[in-house]
Amino acid sequence: MEKESRNIKRFTFALLLLVTFLSVFIMISPARAFTDKTVLEIQGMT
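Counting in this note's numbering, the sequence shown runs from -5 upward without gaps.
Below is the structure:
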């Protein structure tokens, strides 16, 4: 039972770390990169 809760804490911590990393990455990376990716996807579709 104790091992179970420890795993849940580790999972929650990893998830929190991932969300933090993603939000920081999104804030740092300019919106232009996302726009270029979208344009490339649209060009690939046509």
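Backbone N, C-alpha and C define an ideal beta-carbon position, used for all residues, glycine too.
The model shown is predicted, which means the values in this text are computed figures rather than measured ones.
Sequence-distant residues of the same chain with beta carbon closer than 8 Å to L10, five excluded per side: Excluding residues up to 5 positions away in sequence, nothing lies with its Cβ nearer than 8 Å to the Cβ of L10 in the same chain.
- prompt: Which class does T32 belong to by DSSP, given the choice of helix, strand or coil?
  reply: Helix.
Host alpha helix (DSSP H) of T6 (start-end): That run of the alpha helix (DSSP H) goes -4 to 22.
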